[in-house]
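K.L.:
Here it is, the structure, as structure tokens.
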Amino acid sequence: MSVELEMNEYGQPVGSPVPSWEAAKLPDGSSLVGRFCKLVPMDIDAYGEQLYDAFCNPIEEKDWTYLPPQPFTCKEEFISYYEKMSCTSDPYQFVIVDLNTGLAVGSIALMRIDSANGVIEIGHVTFSKKLKKTAMATETIYLLMKYVFEDLGYRRLEWKCHTLNAPSWKSATRFGFTFEGIFRQAAVVKGRNRDTAWFSLLDYEFEKIRNGFVQWLDDSNFDSCGQQLHKLSELIQISAD
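Residues 510 to 750 (the numbering used here) are what the sequence shown spells out, left to right.
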């Protein structure tokens, strides 16, 4: 967004005003319901067994390379981890439920929540094989974007990933996030260095690309076999122009 530079009384450039700004809201326990899936606040009692079956039966160890936990060795270890995660307000965890089957197929979180400045991050993106590369996966991100910007009133949504995590980097770009740079030696994860790539999507940018998601998720964009007719990136570009 091009904004004419403002000067203060000392001749110094200053940021554009944010009139009537009030802090954004915190996640409030809402369920986010779409056409293909719904996101519900983490409830390990209701969904723990289903999540374990989705993630670990059988476990694909390569899926956990860039995620915080190690591959789980047993169900008890898995349940214990998610019980702890479900008790925190940041990260604020959601279970992703397939509306067709009623089963949990993944989890995702809103985190690093800075409501005072209107900044929040999508993280802990954990998709099972039943969720990866499906319309549900795209709808999951869209539902969170819509919730963050339209319901909670945030100004900035962040996406971060290990610089070597090519699928996550590709996803951020596909979903319309802007690459901002790399924080070198940002963390030590599982005994190894992590350089972190930063991406962002701003409130006014979401307004421009929102219709691209709506069109991509519409029935008319899929053939009888469920294959997309138009790429999300194409529809986002058209929507933004």
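We put the beta carbon where it would ideally sit given N, CA and C, even for glycine.
Hey, out of Cys565, Ser539, Thr687, whose CA is closest to tryptophan 668's CA?
P.N.:
Thr687
K.L.:
Could you check if valine 657 is buried or exposed, using at least 16 other CB atoms within 10 Å of its CB as the buried criterion?
P.N.:
buried
K.L.:
Ignoring anything shorter than 3 residues or poking outside the segment 641-704, list the beta strand (DSSP E) runs there in chain order.
P.N.:
665-671, 687-698
K.L.:
Whole angstroms are fine: how far does the CA of serine 733 sit from the CA of lysine 593?
P.N.:
42 angstroms
K.L.:
Would you kindly work out how many angstroms separate the C-alpha atoms of glutamine 737 and aspartate 727, rounded to a whole number?
P.N.:
10 angstroms
K.L.:
Starting from alanine 563, trace the alpha helix (DSSP H) both ways and give me its first and last residue.
P.N.:
In the DSSP annotation of this structure, the continuous segment of the alpha helix (DSSP H) that includes alanine 563 starts and ends at 553-565.
K.L.:
What are the boundary residues of the beta strand (DSSP E) that includes leucine 576?
P.N.:
Element bounds for leucine 576: n/a, residue is neither H nor E.
K.L.:
Could you give the C-beta distance for isoleucine 629 and tyrosine 663, rounded to a whole number, given that I count them as a contact under 8 angstroms?
P.N.:
Indeed, because the Cβ distance is near 5 angstroms, the residues count as touching under 8 angstroms.
K.L.:
Between the C-alpha atoms of leucine 640 and glycine 615, what's the straight-line distance to the nearest angstrom?
P.N.:
Roughly 7 angstroms separates the two Cα atoms.
K.L.:
Please report the distance separating the alpha-carbon of cysteine 670 from that of tryptophan 678.
P.N.:
7 angstroms
K.L.:
For alanine 675, count neighbouring C-beta atoms within 10 Å of its own C-beta (all shown protein chains included) and say buried if the count is 16 or more, exposed if not.
P.N.:
With fewer than 16 other Cβ atoms within 10 Å, it is exposed.
K.L.:
Tell me the DSSP bridge mates of glutamate 630?
P.N.:
Answer is Met620, Glu667.
K.L.:
With a threshold of 6 angstroms on Cβ separation, who are the neighbours of phenylalanine 684 within its own chain once the five nearest residues in sequence on each side are excluded?
P.N.:
Ile650
K.L.:
When you compare each of Arg693, Ile631, Leu710, Phe722 to leucine 702 by their alpha carbons, which one comes out closest?
P.N.:
Per the sequence shown, the amino acid found at residue 702 is asparagine instead of leucine. The candidate whose alpha carbon is nearest that of asparagine 702 is Arg693.
K.L.:
Quick check on glutamine 579: buried or exposed, where buried means 16 or more other Cβ atoms within 10 Å of its Cβ?
P.N.:
exposed
K.L.:
So is methionine 551 buried or exposed if we call it buried at 16+ other beta carbons inside 10 Å?
P.N.:
buried
K.L.:
Could you tell me which residues DSSP puts in a beta bridge with isoleucine 605?
P.N.:
Leu548, Gly615
K.L.:
Per DSSP, which one or two residues make a beta bridge with methionine 516?
P.N.:
In the DSSP output, where bridge partners are listed per residue, methionine 516 has Pro522.
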